[in-house]
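Protein chains in written order, with full-length UniProt numbering: chain A, 1 to 665; chain B, 1 to 665.
Glycine included, every Cβ here is placed at the ideal spot set by N, Cα and C.
It should be emphasised that the depicted structure is a prediction, and the values quoted were computed from it without experimental measurement.
Quick notes on the structure that follows.
Number of protein chains: 2
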Amino acid sequence: MLRDRTLRLHYGSRMEAVCVLGTQISADVYGAAPAGAVSFSVKHTAGVQVEVVTDDQSQVAPANGGKQWPLDHRTILKLSMNKASTEANDDKVTVNYYGENGGPPIDQAGVFLTGIGISLDVDADRDGVVEKNNPRKGTWTWGPDGHGAILLVNCDKDNPFISGLDCDDEKIFSKEDLRDMSRMILRTEGPPRLPAGYEMVLYVPMSDSDKVGVFYVENPFFGQRYIHVLGRRKLYHVVKYTGGSAELEFFVEGLCFPDDTFPGLVSINISLLESLTEEIPRAPIFTDTVVFRVAPWIMTPNTLAPVNVFVCSVKDNYLFLKEVKSLVSKANCNLKVCYGYMNRGDRWMQDEIEFGYIHAPHKCFPVVLDSPRDGGLKNFPIKEILGPDFGYVTREPLFEVVTSLDSFGNLEVSPPVTVNGKAYPLGRILIGSSFPTSAGRRMTKVVRDFLYAQQVQSPVELYSDWLTVGHVDEFVTFVPLPDKKQFRMLMASTLACYKLFREKQKEGHGEATMFKGYSGTDTKRVTINKVLSNELMVQENQYVQRCIDWNRDILKKELGLTEKDIIDLPALFKIDKMGKAMAYFPNMVNMIVLSRDLGIPKPFGPIIEGDCCLEAHVRSLLEPLGLMCSFIDDISSYHKMLGEVHCGTNVHRKPFSFKWWHVIP
Amino acid sequence: MLRDRTLRLHYGSRMEAVCVLGTQISADVYGAAPAGAVSFSVKHTAGVQVEVVTDDQSQVAPANGGKQWPLDHRTILKLSMNKASTEANDDKVTVNYYGENGGPPIDQAGVFLTGIGISLDVDADRDGVVEKNNPRKGTWTWGPDGHGAILLVNCDKDNPFISGLDCDDEKIFSKEDLRDMSRMILRTEGPPRLPAGYEMVLYVPMSDSDKVGVFYVENPFFGQRYIHVLGRRKLYHVVKYTGGSAELEFFVEGLCFPDDTFPGLVSINISLLESLTEEIPRAPIFTDTVVFRVAPWIMTPNTLAPVNVFVCSVKDNYLFLKEVKSLVSKANCNLKVCYGYMNRGDRWMQDEIEFGYIHAPHKCFPVVLDSPRDGGLKNFPIKEILGPDFGYVTREPLFEVVTSLDSFGNLEVSPPVTVNGKAYPLGRILIGSSFPTSAGRRMTKVVRDFLYAQQVQSPVELYSDWLTVGHVDEFVTFVPLPDKKQFRMLMASTLACYKLFREKQKEGHGEATMFKGYSGTDTKRVTINKVLSNELMVQENQYVQRCIDWNRDILKKELGLTEKDIIDLPALFKIDKMGKAMAYFPNMVNMIVLSRDLGIPKPFGPIIEGDCCLEAHVRSLLEPLGLMCSFIDDISSYHKMLGEVHCGTNVHRKPFSFKWWHVIP
């Protein structure tokens, strides 16, 4: 923003100029001086303040012009006004030039001034209300003491009759659509008409025109109309100047989320243009700028309260559905079943979508991130989730091949953590990749870039490529607790399983049998003794434990956890033909977490005195913490297809009460 | 970098592990405990340090194993070594487990340890020498107290027989080529052989593989060979472990400059991989990382001493050449003439290229930036400037149309400035655009992105689209001074010209004639009176002054200048059919600056008492400052084609002595 502008006095021609309140005009008194002039005096009307400045010295010029100054090429007059004019040119500054031997002035130069107030206003202090000319509206900073306005991507669909998102079109159908946008007010003050040759232009930089849309509200009092004035293919808009003290109301919507090529900041400018004569181009003499940050997409960890639980109904999962239903009613949230016509036989609800939300001081709503996986559930998010105040966003790679690591079972988020002093009050995103050294599978770049660009949940890359399916939810999850830490991290542990089995063996239960009562398993009996004596299995599970430990070490470091924050859940894996691991019995860590109620894959462990010793062990670890364990039989409907309860469900949760703009990334 | 790693003790199998010096192994004592164990003790050899850690309490374990601890699932052993082993597995830790009623141990677990030192080393303290294991080598910070290694883009051509740049191929032909690269040393210490199942891998992240190249020096002492080990299509390299204390030498080159999609940082990693058995994949147990920043391309302002002056020889500029030649010899630097076979009739040496340089603690050389303009001089920079220790870089837009604003007469740089407290010790880049509000001509995005991405000369966008040619060098330049400010900014001023002419008129020289003695002008006489009485010309030049003032205000603000830092040089313009401005008489601000010697376009102003009053006026402004003015006749050879002396020349200057990495962007 230019706040000081140069004005050249001329002699002869009667000069007129506009002075925007809060700015300064530097008039060079020397340039207009006639030959032979050696000193000058300044006369001015009450509405103008005049200073005579030479280098660093400055003196106030009395209105009456009583004082004389020597003429010096470094001398300039600083003119300013602090009240808008009621008539054009109703203020005036006159300079008198004097020759060698004093006497009457040998010549004059002067300018007629019109004072105009212009302020483009937004909610820069983030209290939900647009304030007046906030001095910090032109910049954006993070943190509790930060400032700068916030914009939502208008990615929901308030009107059932349009196809696509609200931000895809340049129309407004309802007040609901407006409520997703940020208010912006242009305040002007001045004479009934602008002096000839001036006009006001609202504009966005070329680079922002595909990221922001602006609507103007015509006659706000009766029969409003909303006119799209800035956005795609509309770089600038000439604003009608109405005179007196006026407020023009605008509404601003975001068109796209932060990404690797878009840090998230957009600016909108208002300029006052001046033209000398017709054929000569116009030049801006004043510009006011406001900056918005587009709100990031934020994920919701298990520690947040559930709202809706989504699950697919397929031909063979009737019993599973029933058990999930009773769990959901216990946790009193809602069950949303996706039926065959929509899931087309795809049962992996966890993998197609991830629920999150966007938040601004004036509005907050959930947004679903659609995975590039695109299985049978491909159309589900657009067709059934997108709607009024429920947004949608997706990222699809152009060239890269989509792998199993692009499914969102491989995308989780930790609860809030603090890592040696650095706070992550919205937690950290967890995604699975391959080892840095190896050229294995990895989540596609466009999705990773999107997640990193949101900034407020700084992602951690784990190593999940050692698994056949390759999802982080196969070895780690989080459960809420009422204590200081607020949560525990649960991890699959083959070691914990061997340890438990050995203890049971020592206690004389070596012949206890696994997979009992599980309909349709292969008939051969699996006992604790058989498992412990299988040398290959021991070695494979040592390797699996190392892979888990590798992640465990990263998680301890990146989430600032100690051993007492971690609970190891017994698990066993077998290695497939490609050298990747898959769960040997239902993998309990792959659970659904609904507040204190846990839906855990029923492990079908060795039965000792009528009890499954794996279930008993897990209960003994979790129930003392006030968690309720329900074991759900998913063996035939999910486990056999290499997934469990978590893979088959998805949870839409309440947003954080914490405001993301208070984060310091 | 993982500095703490989890190790699982097993009973039964005799365990072996490698401990990298400076890291810690967390062994869980509980996991390996036999059923019924309630306490344990630890015995270890002298080479290992062992701590028993439970939650936040930690105790040193005596080597003799004299002490017993209660068994707790939260308890872990922290193992570390501070000396490399001379033999594999020559250190050992043994854990004894005890049952309820004391007595002899009921079981044991243990691990044999091999201590190995691994450090990837670079010049992270920027003194030109590779130090030993700098703790800050893995991060990069700006400023005089900053740290982190520096890389040059190997964009020169040390070998006359290859085509293209040194960084385009994966070969090293000479020591000279090596000297452009940064040294990197891998230091290892340990037993003659690595224990079975371990290997060391050097690698770069996928995203960096097209930005950096690494060469390995084979038998450094006799008959060296340089092997390309990392870079395009080479993501990792298995390093030969030689045993004892060894130093492997590598050389690193940058492949591309910072840009809008590349912030300039690259990292190189060394990992120690461990494998359990053949068919099971390997996992890294230790990683060391170094970070380099690719040195930015830096422009050289007029205040730096000239080395070579480049100018084209064309059919009609013989006299001009002669005058430039004598100026250059006065300023004792070298004249480099580009002849017709190479310039193909293109005389605009300023517009095709911009000279700059790159700088690292170990090396500094000039680099020419080639404009997308591509006139007759298209091949000149590659064919005649690129060479040993003279680099080359270019940016070409894929789709955008190239305009006159892409010529490098429109790319200048200010001397070092400080703007209310913020220092720009390498000055600020100046580029001409159109008004923010208008959709006029603008420098192509790829070049602007490149300039902004260099970070150390934060660009300022001016408004030059009001000119027919549209270059910033048509209205602003800088001259060196010995005073505190070190420079003055010179600007074209139509106002200064009118003021001078009016004074001369008053003094009775109204009939003084312009363009005298200038061969081949239109015959009609142009006098001061004629100029002053031309009302259209007055108005057009008022508009021009406003355009210049708009830039003047930006420059004052962005370079922190006051009136006394600015000198206005008389100039007049006329407006062409498209409403754009071109110089009416030779535009003096478009000068060549060689230290104190200025080559100024001869203005052919009104002759008063045998003297050109414009020349006299400019001398009176500049010569008291100790500057020498030579007025060069460019009217027929350049001015008539809308350019002047500066447009027809180009200067390769000495680099700054100031180190760019001391900047805080």
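Quick check on residue i - is its C-beta less than 9 Å from some C-beta in chain B?
i	result
Lys67 of chain A	no
Cys601 of chain A	The residue asked about is misnamed: residue 601 of chain A is Pro in this sequence, not Cys. By this cut-off, Pro601 of chain A is not an interface position.
Gln545 of chain A	yes
Leu2 of chain A	Confidence at Leu2 of chain A is low in this model, with a pLDDT of 48, below 50, so the placement of that residue is unreliable and no value is reported for it.
Ala46 of chain A	no
Glu16 of chain A	no
Pro606 of chain A	no
Lys530 of chain A	no
Asp553 of chain A	yes
Leu120 of chain A	no
Gly36 of chain A	yes
Phe450 of chain A	no
Ser197 of chain A	A quick correction: the sequence has Gly, not Ser, at residue 197 of chain A. Not an interface residue.
Gln59 of chain A	no
Glu474 of chain A	no
Does residue i pass the burial test, meaning 16 or more other C-beta atoms within 10 Å, or should it be called exposed?
i	result
Leu398 of chain B	exposed
Lys605 of chain B	Residue identity check: residue 605 of chain B is Gly in the sequence provided, not Lys. So Gly605 of chain B counts as buried.
Arg225 of chain A	exposed
Arg448 of chain A	buried
Met1 of chain A	In this predicted model, Met1 of chain A has a pLDDT of only 41, less than 50, meaning its place in the structure is not dependable; the value taken from the coordinates is given anyway. That one is exposed.
Lys504 of chain A	buried
Ala46 of chain A	exposed
Ser85 of chain B	buried
Kindly indicate which residue of the options has the alpha-carbon position closest to the one of residue i.
i	options	result
Val239 of chain A	A:Ile664, A:His639, A:Arg187 and A:Ala17	A:Arg187
Glu412 of chain A	A:Gly375, A:Pro381 and A:Leu451	A:Leu451
Val401 of chain B	B:Leu426, B:Gly391 and B:Arg441	B:Arg441
Lys383 of chain A	A:Phe487, A:Gly356 and A:Cys338	A:Cys338
Gly510 of chain A	A:Thr562, A:Ile608 and A:Met591	A:Ile608
Lys83 of chain B	B:Thr94, B:Phe112, B:Gln49 and B:Leu71	B:Gln49
Gly128 of chain A	A:Leu386, A:Ala88 and A:His362	A:His362
Ser41 of chain A	A:Lys234, A:Gly47 and A:Glu51	A:Glu51
Leu467 of chain B	B:Asp374, B:Leu642, B:Asp634 and B:Ile554	B:Leu642
Ala295 of chain A	A:Trp142, A:Asn529 and A:Lys484	A:Trp142
Ser174 of chain A	A:Met582, A:Phe408 and A:Asp389	A:Asp389
Asp168 of chain B	B:Lys577, B:Gly254, B:Ile285 and B:Tyr638	B:Gly254
Ser458 of chain B	B:Tyr241, B:Gly231 and B:Ile429	B:Ile429
Lys564 of chain A	A:Leu594, A:Val538, A:Ser533 and A:Lys485	A:Lys485
Lys78 of chain B	B:Ile25, B:Gly102 and B:Pro104	B:Ile25
Can residue i and residue j be called in contact, C-beta distance under 9 Å?
i	j	result
Met588 of chain A	Val618 of chain A	yes
Leu627 of chain B	Cys497 of chain B	no
Gly648 of chain A	Asn410 of chain A	no
Leu211 of chain B	Val266 of chain B	In the sequence on display, residue 211 of chain B carries Lys and not Leu. Taking 9 Å as the Cβ cut-off, Lys211 of chain B and Val266 of chain B qualify as a contacting pair.
Arg596 of chain B	Pro306 of chain B	no
Leu178 of chain A	Phe251 of chain A	yes
Thr300 of chain A	Phe658 of chain A	no
Phe292 of chain A	Ala453 of chain A	no
Pro372 of chain B	Val446 of chain B	yes
Are the C-beta atoms of residue i and some chain A residue less than 9 Å apart?
i	result
Thr261 of chain B	yes
Ile268 of chain B	no
Arg395 of chain B	no
Tell me the start and end of each unbroken beta strand (DSSP E) in the segment 34-64 of chain B that is at least 3 residues and wholly inside, in chain order.
39-44, 48-54 and 57-60
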